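Report on the structure given below.
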Amino acid sequence: MIRVPLRPLARILPARAAGQSPEEIERENRAARHEEMRDMARQRAEGRLLVLGVFFFCAFMVVGVRMGMLATSDPVEPRASAQGSAISAARADIVDRKGRLLATNFETHSLYAQPPQMVDPVGAARGLAGIFPELEEKKLIEDFTGKRKFLWIKKTISPEQMQAVHEIGDPGLLFGPREMRLYPNGSLAAHVMGGASFGKEGVHAAEVIGVAGVEKYFDDYLRDPANGQRPLELSLDLTVQAAAERVLFGGMKIMNAKGATSVLMDVHTGEIISVVSLPDFDPNNRPRPATKGDQSDSPLFNRSVQGVYELGSTFKIFTAAQAVDLGLVTASTVIDTQGPMRVGGFPIGEFRNKNYGKLTVSDIIVKSSNRGTGRLALQIGVQRQQDFLKSLGFFEATPFEIIEAANGKPLLPKRWTELSAVTVSYGHGLSTSPMHLAAGYAAIANGGYAVAPTIIKQNGPRHGVRVMGADSAHAARGMLRAVVTKGTASMGEVPGYAVGGKTGTADKPKSNGGYYDDKVIATFATIFPAHDPQYVLIVTLDEPIETSGDEPRRTAGWTAVPVAAEMIGRIAPLLGLRPTVEPASLADITLTNSN
Amino acid sequence: MRSILYVLTTLAVIGLAFWAYRENYATQESLSKTDQLHRDIRAAHSRLSVLKAEWAYLNRPDRLRDLADINFDRLGLLPFRSTQFGRVDEVGYPKPPLLDITNSVEVSGTLSAEEAEEYP
């Protein structure tokens, strides 16, 4: 660039000669130069702005075009990135404690129709009605020839049915892949499994959602694709469960019971090894819930957690254990059970108006004396009794991990008076589920620690807070053993397994108040082996009648006890329990004279 | 000098373009191979899950119990009871194997007439 000098001589000299000021020429030139510089700066700035503008335009275009592409294209899985493990995002399996399959997925197909594409709607409808007997030909023809553009025909079909539909050969009949939940063991552990059904449905896939049991409780875990290869491990044992169901079903039939339930629990870990509720159902084909009548008659009703009943004399051991724990009595303290006894103006009687006279605490349990436990409860007092039962978990629904367990809330007396304390001490006025009872007996069996029932496999003991001393638990176990060796549960003896337990027979409440005379709930709560308990087994029969004698017998000793004994004889070997010789109690030799 | 540079640059561009072209095709091929493998794995997975389900179905306790009942006269299977437990010391040790006697040497014999004279 050629700069114009500010004071060019060619102009200055003539100006001086003319007497003009050269300063003006300089100013003029300076102004011209400034203008030129300004123009240049402006041009440069505009250029830069243009470049920047183009850059931003391109950047936004790229973003916009990419967004448009993403919005309009079909989603595809990334192909190049290294993945691998999460290839199948199916619902996780459910297995038992030894890894045997309880629930898995099965690939089937769904059948749907697009009537506009059909060649021969009437023929297709006739063919379908021939393959699926439950479909009505008339209804199908109506659907296929009407205005509908799309309809589901069957949610899942078998490969044979699919082939048959293929052979109809109508282009308007189409198949979509479906993952179906399959329970290969049929009705085994049906109430724990619950069942599954389809949630949102599309042509290419449908979500499988749990509707009950563990399937619903652990729905989030099972659906999480990250857990696709990690099955849910339950504490159930398939073999034990099958044996328990078999024995209980037989027992229920022999005892003419309407329903039955059993709970087998590990006393240290709280694992439920087997839980049966009869009648049951097939979770592959879950029945609809009963809309009328008594819910407890439906096979869906889970008696083990939802069957909240007064469980009768099985509660007496808690009163005795607490009385021993508080130091009020020992197992050999003599209590007068002589009648009449009135609490709050209400007479307390014995079974069949018997009168046992003076009994030791142990014999109160053995003979199942209402007045005896009532006297113990009065010594314990209302508040301490409440606290103790609360610590054993009798005040809330069990934390058992199936969705129905939350419905099994115990029914407590509205006002816990002295009379309530006495009736609760022998198991009346407080309604709980067999699962609650199992947890309570487990605390006695494991040496005095509260333990919560769980359906998930555990790695080791899960002792909770201590609820009674080890000595009191030991004394209570001795009483339970005595019930079997010389008390009401004499049929419960199983050679080699030293069963200890307590029977309970409670009248069934009528729905409109009062009790039935001839309907009972018979319960046998056992621990075995009594000298080193490993398991708690609760067997409850609903409305049993034993008819082998002259008159029908309904007490637990005649109904629930033989069933429980047979069950222990069957499942204890399966649990790996070796028959043992019970350690003999040493003769009481007391040093009376030191001379 | 400058023309050599131009020629070399052009050649380099052609070479790189060729390399990129080949890489593109190689990538496409390995992607389709990966897809095929994924499909195979998925098919194998679903086959495996079907086999597992069938295995569980065939081994369901109801069926095994019925089979044990049907074949009772051949197998004689009964439910496991406490009387069937044994102890290790009830199991006899296997008998020690007999020594293998080969190349035995006769240690008795009869004397000949001359030997009998030597040892009266």
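Protein chains in written order, with this note's numbering: chain A, -4 to 590; chain B, 9 to 128. We treat Cβ as the ideally placed atom computed from N, Cα and C, and that holds for glycine. What you are looking at is a predicted structure, and each value in this text was computed from that prediction instead of being measured.
Roughly how many angstroms separate the alpha carbons of residue 28 of chain B and residue 36 of chain B, rounded to a whole number?
-> 12 Å
By Cβ distance below 8 Å, which residues in the same chain neighbour residue 460 of chain A in space, the five residues on each side in sequence not counted?
-> 386, 444, 445
Throw me the rounded Cβ distance for the residue 535 of chain A and residue 420 of chain A pair, which I believe falls under 8 Å.
-> Contact flag wrong, Cβ pair sits at about 20 Å.
Determine the chain A residues that contact residue 68 of chain B at a beta-carbon separation under 8 Å, and present them in chain order.
-> 179, 180, 181, 183
Which bits of chain A does residue 61 of chain B rub up against, with CB to CB less than 9 Å?
-> 96, 99, 100, 101, 177, 179
For residue 58 of chain B, decide whether its Cβ has a neighbour in chain A, counting only Cβ atoms nearer than 9 Å.
-> yes
DSSP beta-bridge partners for residue 338 of chain A?
-> A:341
Straight-line Cα distance separating residue 32 of chain B from residue 12 of chain B = 30 Å
Using a C-beta cutoff of 9 Å, does residue 559 of chain A count as contacting chain B?
-> no
Got a sec: is the Cβ-Cβ distance from residue 356 of chain A to anything in chain D below 9 Å?
-> Looking at the structure shown, chain D is missing, and the protein chains on hand are A and B.
What alpha helix (DSSP H) runs, 4 residues minimum, are completely inside the stretch 349 to 428 of chain A?
-> 356 to 362, 365 to 375, 377 to 386, 413 to 420
So what does DSSP say about residue 100 of chain A, is it helix, strand or coil?
-> strand
Are the Cβ atoms of residue 517 of chain A and residue 497 of chain A separated by less than 9 Å?
-> no
Unbroken alpha helix (DSSP H) run spanning residue 638 of chain A, endpoints = The structure shown does not extend to residue 638 of chain A, since chain A spans only -4 to 590, so no value can be given for it.
Quick one: what does DSSP say residue 554 of chain A is sitting in, helix, strand or coil?
-> coil
Hey, would you say residue 97 of chain A sits closer than 9 Å to residue 229 of chain A, going by beta carbons?
-> yes
Same chain, Cβ closer than 6 Å to residue 442 of chain A, neighbours up to 5 away in sequence not counted | 465, 468
How many Å lie between residue 504 of chain A and residue 363 of chain A at the Cα?
-> 21 Å
Interfacial residues, the stretch 41 to 58 of chain B to chain A, with Cβ spacing under 8 Å | 42, 43, 46, 49, 50, 53, 54, 57, 58
Hey, out of A:512, A:548, A:406, A:531, whose CA is closest to residue 519 of chain A's CA?
-> A:531
How is the alpha helix (DSSP H) around residue 154 of chain A delimited, first residue to last?
-> 154 to 163
Under a three-way DSSP split, which group does residue 12 of chain A fall into?
-> helix
Check the Cβ of residue 574 of chain A against every Cβ in chain B and list those closer than 7 Å, keeping chain order.
-> 90, 93
Cβ shell of residue 292 of chain A (< 6 Å), same chain only, five flanking positions each side left out | none
Express the C-alpha separation of residue 358 of chain A and residue 476 of chain A in angstroms, rounding to a whole number.
-> 11 Å
Tell me, to the nearest whole angstrom, how far the beta carbon of residue 274 of chain A is from that of residue 282 of chain A; I am working on the premise that it is less than 8 Å.
-> Incorrect: roughly 11 Å between the Cβ atoms, too far for contact.
In whole angstroms, what is the alpha-carbon distance linking residue 89 of chain B and residue 250 of chain A?
-> 23 Å
Euclidean distance between Cα positions of residue 576 of chain A and residue 84 of chain B = 29 Å
Name the one or two DSSP bridge partners that residue 174 of chain A has.
-> A:102
If you pair each beta-carbon of the stretch 252 to 260 of chain A with each one of the stretch 107 to 118 of chain A, do three or more pairs fall below 8 Å?
-> no
DSSP three-state assignment for residue 20 of chain A, whether helix, strand or coil = helix
For residue 188 of chain A, the first and last residue of its enclosing alpha helix (DSSP H) | 185 to 188
Measure from the alpha carbon of residue 110 of chain A to the alpha carbon of each residue in A:102, A:146, A:92, then state which is nearest.
-> A:146
So the alpha helix (DSSP H) residue 80 of chain B belongs to, where does it begin and stop?
-> 80 to 83
Residue 490 of chain A at chain B interface by Cβ criterion, 9 Å = yes
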